[in-house]
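Asks:
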Amino acid sequence: MSEQDFTYIIGHKNPDADSICSAIAYANLKTLKGHKGFIPARCGNTNARIETILNKFSQPVPLFIGDVSPRVRDIMVHDVVKVHENATLFEALELIDTNDVRVLPAVDDEGKLKGFVSIFQMGDYFVPKFSEPRAMRQVHTSINDVANALRADVKVTQNPDSLEDMYVKIGAMDIRSFGKLTGSDAIPASETIIIVGDRWDIQQRSIQIGVRLLVITGSLGVDPEVIELAREKGVSLIISPLDSATTAWTIRTATRISKIIETQSVVFSPDQLVKQLGWRVANSNAQAFMVTDDSDRLLGIFSKTDILKPKKTKLILVDHNEMSQAVPGAKEVNIVEVIDHHRLGINTAQPIRFINDPVGSTCTIIAEQFRKSDIEPSPEIAGIMMSGIISDTLNLSGPTSTKQDSEAMQWLENLAGVTAIDLATEIFNSGSIILTMSPEEIIRADQKFYEENGLKFSVSQIEELGFQNFWSSEDLLMNALDRLVKSESLDFACVLITDINKHNSILMVTGHDEFVSNISYPNIHEGPIFDLKGVVSRKKQLIPFISSTLKTIAPGR
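This is the structure we're talking about:
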C-alpha cells in the first residue's frame, strides 16, 4: 500500500488527551471493520498526561504530521519510466511506445538525473532540416548497437563496442554508379555504413574500399567468400531481416540518446509545496518537471496537468471541525469525515460524513460507533477511550458531561478492567505541566484559536491540582502570553487555569483593553487575572462567556 492510499485520523493543534485518544480508537475501529490504511496522527506535541495514558495502555504515540499542504511528492509520478544515458534511440522509442509516455528522464548507473529525451526531440532528429542532408545519414552508435536494433545475424565484427559517428548509404545502383556514390562527399569509407541487398559486386566493392559496416538486407544469404573477404579486410558484416528502407531507418534509431539529450531540466524537491511552484511552472515550456533528492537521484516526474488533479491526501478530523484549529494545509486536501462534539465551523467542497454530538468527549462518540457496529474494543482501546472521556469531562464531574458519557464510561469500564476512579486518579496525578514545561510550551500545550466579532484570539487551558504552581509562575506566564499576542497578531489571549479537584478556575488575559474591562468575573490580582468559580469547561462555559462579552464591544478596537 502506497503512502497516497492512507487516510490520516487527526485531532486539533496542541492536542489534548481526547484528541489523541479518539484518533487512536477510531483508527482501530476502522481496522476492525476491515478497512485498510487508516493511520492515527497528531499535529502537535504530547504532554506528560497523554504519555501516561499511552504507556498504561501500550499504545504508540500517533504519527506526527506538521503540515498536510500538498507537496511535489503528492502529485508526482513515483514509478518513473526512465532510460539510461547510454541507451539508444531504439531503446528509448520502445519505452515510449510500450508505456505511452512523451518524456523519458535519462539517468546514470547511480540513478542520478542527466537530462531527458522526448518524442519532440526525436522528431527533430529523424526529420532534420533539408538544408542539412548530411544529418539525415549520420548516426552516433556502435556496431553492436546497430546489430541489436536490427536484431541482425552477425557474421563479422571489428571493435563492435566502439562508439563512433558513422554515415548511412544505400547501395541500390549498379557498380559504376556505386563508385561515384562512395566518392561523392568527404566522408571516408571507414565511417560509412553500406546497406545493400544480394548485389555481390557491391558487397565485394564495399569490403575492398574498407567500409566500417556492411549490412545485407532481407535475410538474404551471403557468399562465404564475401564473409571471408570481410574478415580479411577488417570490415564488419551483418545480415538484417528487414528490407533496405526499413533497415536504413532502424539503423538511425541505433544512435545513442546522448546525441539529442536535453541536459537543462526543470528540477524540484519532493518537499516543495505545490502552491509555491508558481511562475517556474506557469512560465515554463517544459513538457515535464523532474523531482530529485539532494544527491540528484531521480525520484519522480510531473506535468502541469498533474498539478490540477484532485489531491490524494485524505483526512478524518476528530475532536474539532474549525480550520483555525486543524493541521496546516487541511483546506487544501480531502477531508472525508469529521467526528466532533464542538460548535460547527467548517465548509467542505463535497458532502462528507459528519458526526457531531453535544457530549463531553469525542471518545464517547467513538465508543458509540463501536457499539453500533457490534464490535467490542480490546481492553487497551477501551482504556484509551475511557482516558479521553475522563480528561475532557473531569471524570464525568464537569459541566460538559452528559448521560451518554456516563453510559459509555460504564460500558468501557467492564471491557478495560479498570475503574474510572482509579484511572482518573492516575491520569490527574501524572504531573504538572507548569513544572515540566517552559512558559511558551505551557500556553501552547492546549491552545485553540478563534475569530469572532472581527477579533482574533486564543484560549489555552491548564489543568492542575490546586493553583500553587500557577502563582509561582504567574509573571513568566503573563510575559509569555504578551509575546504570543504579538507573534500571532492576536487581539487578545487567555489562559484558563483549572483546579480539577475543586472545580474552579483562574483566568489570565492580555490584550484588548475594552474586552478586559468588560469581564464581569472578580479581579483577584493587580493585573488582568480573574476568579472563575465553578468554571471548568473552555467549550461550554468560557467560550460562550467570551462570545457574549464580545457582542457588547465594538469590533477591531
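The sequence shown runs contiguously to residue 1404 in my numbering.
The beta carbon of each residue, even a glycine, is placed where N, CA and C say it ideally should be.
If you count every other CB in all the chains shown that lies within 10 Å of the CB of asparagine 861, and 16 or more means buried, which is it?
Replies: Against the sequence shown, residue 861 aligns to sequence position 14. Buried, because 16 or more other Cβ atoms sit within 10 Å of the Cβ of asparagine 861.
Asks: Suppose you measure from the CA of aspartate 1322 to the CA of isoleucine 1353; what does that come to, to the nearest Å?
Replies: Position 475 of the sequence shown, counted from the start, is the residue given in the question as residue 1322. Position 506 of the sequence shown, counted from the start, is the residue given in the question as residue 1353. About 14 Å.
Asks: Please go through the same chain and pick out, in chain order, the residues whose beta-carbon is closer than 8 Å to the beta-carbon of proline 907, but skip the five residues on each side of it.
Replies: Numbered from 1 along the sequence shown, position 60 holds the residue referred to as residue 907. Excluding residues within five positions, the ones whose Cβ falls inside 8 Å are Leu901.
Asks: Is leucine 1312 helix, strand or coil when you go by DSSP?
Replies: Stepping through the sequence shown from its first residue, residue 1312 is reached at position 465. Looking at leucine 1312 - three-state DSSP - the assignment turns out to be coil, as it is neither helix nor strand.
Asks: Does the Cβ-Cβ distance between serine 965 and isoleucine 1186 come in under 8 Å?
Replies: Taking the sequence shown and counting its residues from 1, one reaches residue 965 at position 118. Taking the sequence shown and counting its residues from 1, one reaches residue 1186 at position 339. No, these two residues do not count as a Cβ contact at 8 Å.
Asks: Give the secondary structure of tyrosine 1368 by DSSP, where H, G and I count as helix, E and B as strand, and everything else as coil.
Replies: As a working mapping, residue 1368 is identified with position 521 in the sequence shown. Per DSSP, reduced to three states, the secondary structure at tyrosine 1368 is coil, with no helix or strand assignment.
Asks: With asparagine 1348 and threonine 1396 assumed to form a contact (beta carbons below 8 Å), what rounded beta-carbon distance in angstroms separates them?
Replies: Start at 1 with the first residue of the sequence shown, and residue 1348 comes out as number 501. Start at 1 with the first residue of the sequence shown, and residue 1396 comes out as number 549. Going by Cβ atoms, the distance from asparagine 1348 to threonine 1396 rounds to 28 Å, so no, they are not a contact pair.
Asks: Starting from the Cα of alanine 1095, find the closest Cα among Gln1050, Asp914, Lys1333, Ile1040 and give me that residue.
Replies: By 1-based counting over the sequence shown, the position of residue 1095 is 248. When only C-alpha atoms are compared, the closest one is Ile1040.
Asks: Could you check the C-alpha separation between glycine 1313 and aspartate 1346 for me, to the nearest Å?
Replies: The sequence position of residue 1313 within the sequence shown is 466, counting from 1. The sequence position of residue 1346 within the sequence shown is 499, counting from 1. Put simply, the backbone Cα of glycine 1313 is about 5 Å away from that of aspartate 1346.
Asks: With the cut-off set at 8 Å, would you say leucine 1164 and valine 1180 are in Cβ contact?
Replies: On the sequence shown, residue 1164 is found 317 positions in, with the first residue counted as 1. On the sequence shown, residue 1180 is found 333 positions in, with the first residue counted as 1. Not in contact: leucine 1164 and valine 1180 (Cβ atoms no closer than 8 Å).
Asks: Pull up the distance between the alpha-carbon of serine 1150 and that of valine 930, whole angstroms please.
Replies: Walking along the sequence shown from the start, residue 1150 turns up at place 303. Walking along the sequence shown from the start, residue 930 turns up at place 83. Between serine 1150 and valine 930, the C-alpha separation is close to 18 Å.
Asks: Do isoleucine 1182 and isoleucine 1199 have their C-beta atoms closer together than 8 Å?
Replies: One-based indexing of the sequence shown puts residue 1182 at position 335. One-based indexing of the sequence shown puts residue 1199 at position 352. It is a contact, given that the beta carbons lie within the stated cut-off.
Asks: Which two residues bound the contiguous beta strand (DSSP E) that contains methionine 923?
Replies: Locating residue 923 in the sequence shown gives position 76, where the first residue counts as 1. For methionine 923, there is no enclosing beta strand (DSSP E), as DSSP marks it with neither H nor E.
Asks: Could you give the distance in angstroms between the alpha-carbon of alanine 999 and the alpha-carbon of valine 1138?
Replies: The residue labelled residue 999 in the question sits at position 152 within the sequence shown. The residue labelled residue 1138 in the question sits at position 291 within the sequence shown. So the alpha carbons of these two residues sit roughly 38 Å apart.
Asks: State the start and end residues of the unbroken alpha helix (DSSP H) segment that holds glutamine 1055.
Replies: By 1-based counting over the sequence shown, the position of residue 1055 is 208. Glutamine 1055 -> alpha helix (DSSP H) spans 1047-1056.
Asks: Pull the bridge partners of phenylalanine 1377 from the DSSP assignment, please.
Replies: Within the sequence shown, numbered from 1, the residue matching residue 1377 stands at position 530. In the DSSP output, where bridge partners are listed per residue, phenylalanine 1377 has Leu1354, Asn1370.
Asks: Can you tell me the Cα-Cα spacing of threonine 1249 and alanine 1340, whole angstroms?
Replies: The residue given as residue 1249 occupies position 402 in the sequence shown. The residue given as residue 1340 occupies position 493 in the sequence shown. In a straight line, the C-alpha of threonine 1249 is about 29 Å away from that of alanine 1340.
Asks: Rounded C-beta distance between valine 1043 and glutamine 1050? I'm assuming under 8 Å.
Replies: For the purposes of this step, residue 1043 is taken as the residue at position 196 of the sequence shown. For the purposes of this step, residue 1050 is taken as the residue at position 203 of the sequence shown. That pair is a contact at about 6 Å.
Asks: Would you kindly work out how many angstroms separate the C-alpha atoms of proline 1088 and leucine 1060, rounded to a whole number?
Replies: Position 241 of the sequence shown holds residue 1088. Position 213 of the sequence shown holds residue 1060. Between proline 1088 and leucine 1060, the C-alpha separation is close to 16 Å.
Asks: Is the segment 1247-1261 close to the segment 1275-1288, with three or more CB pairs under 8 Å?
Replies: no
Asks: Decide if arginine 1404 is buried, meaning its Cβ has at least 16 other Cβ atoms within 10 Å, or exposed.
Replies: Numbered from 1 along the sequence shown, position 557 holds the residue referred to as residue 1404. Any reading at arginine 1404 must be qualified, since the residue scores a pLDDT of 46, below 50, and its modelled position is unreliable; the value itself is stated next. The residue is exposed, with fewer than 16 neighbouring Cβ atoms inside 10 Å.
Asks: Under the DSSP definition of a beta bridge, which residues are partnered with tyrosine 1014?
Replies: What you label residue 1014 is simply residue 167 of the sequence shown in a count that begins at 1. Answer by DSSP bridge pairing, in chain order: Gln985, Thr1039.
Asks: Please classify glutamine 1005: does DSSP put it in a helix, a strand, or coil?
Replies: The residue you call residue 1005 lines up with position 158 of the sequence shown. Residue state, collapsed to three classes: coil.
Asks: Would you list, in sequence order, the uninterrupted alpha helix (DSSP H) runs of no fewer than 4 residues that lie entirely inside the segment 1269-1334?
Replies: 1280-1283, 1286-1292, 1315-1319, 1321-1334
Asks: Cα separation between serine 1126 and glutamine 1134?
Replies: What you label residue 1126 is simply residue 279 of the sequence shown in a count that begins at 1. What you label residue 1134 is simply residue 287 of the sequence shown in a count that begins at 1. Looking at the sequence provided, one finds tryptophan at residue 1126 rather than serine. Answer to the nearest angstrom: the Cα atoms are 15 Å apart.
Asks: Name the residue from Ser1367, Asp921, Lys1303, Lys1295 whose alpha carbon lies nearest to the alpha carbon of glycine 891.
Replies: Here residue 891 refers to the residue found at position 44 when the sequence shown is read from its first residue. Considering only alpha carbons, the answer is Lys1295.
Asks: Taking only the alpha-carbon atoms, compute the straight-line gap between leucine 1084 and aspartate 971 and give it to the nearest angstrom.
Replies: Translated into positions along the sequence shown, residue 1084 becomes position 237. Translated into positions along the sequence shown, residue 971 becomes position 124. C-alpha separation (whole angstroms): 30 Å.
Asks: Would asparagine 894 be called buried (16 or more neighbouring beta carbons within 10 Å of its own) or exposed?
Replies: For the purposes of this step, residue 894 is identified with residue 47 of the sequence shown, where counting begins at 1. Classification of asparagine 894: buried, given that the 10 Å Cβ count is 16 or more.
Asks: Taking C-beta to C-beta, are aspartate 1252 and threonine 1211 nearer than 8 Å?
Replies: By 1-based counting over the sequence shown, the position of residue 1252 is 405. By 1-based counting over the sequence shown, the position of residue 1211 is 364. Closer than 8 Å, so yes.
Asks: Quick one: Cα of isoleucine 1344 to Cα of leucine 1243, how far?
Replies: One-based indexing of the sequence shown puts residue 1344 at position 497. One-based indexing of the sequence shown puts residue 1243 at position 396. Straight-line Cα distance between these residues: approximately 19 Å.
Asks: Considering just the uninterrupted stretch of the alpha helix (DSSP H) at lysine 903, what are its terminal residues?
Replies: Sequence index remark: in the sequence shown, residue 903 carries index 56 (1-based). That run of the alpha helix (DSSP H) goes 895-903.
Asks: Closer than 7 Å by C-beta to valine 1206: which residues in its own chain qualify, once you throw out the five before and the five after it? Chain order, please.
Replies: By 1-based counting over the sequence shown, the position of residue 1206 is 359. Once the five neighbours on either side are set aside, the close Cβ partners of valine 1206 are His1188, Ile1212, Thr1249, Gln1251, Asp1252.
Asks: What did DSSP end up calling phenylalanine 853 once you bin it into helix, strand or coil?
Replies: By 1-based counting over the sequence shown, the position of residue 853 is 6. In the structure shown, phenylalanine 853 sits in coil (DSSP, three-state: anything other than H, G, I, E or B).
Asks: Which term fits leucine 1010, buried or exposed, when burial requires 16 or more other beta carbons within 10 angstroms of its beta carbon?
Replies: As a working mapping, residue 1010 is identified with position 163 in the sequence shown. Exposed, by the Cβ-count rule.
Asks: Could you check whether isoleucine 1098 and lysine 1002 sit closer than 8 Å to each other, using their CB atoms as the reference points?
Replies: Against the sequence shown, residue 1002 aligns to sequence position 155. Against the sequence shown, residue 1098 aligns to sequence position 251. Contact flag unset, no.
Asks: Smallest Cα separation from asparagine 1326: which of Val915, Pro1286, Ser1105, Phe967?
Replies: Counting from 1 along the sequence shown, the entry for residue 1326 is found at position 479. Taking only the C-alpha atoms, the option nearest asparagine 1326 is Pro1286.
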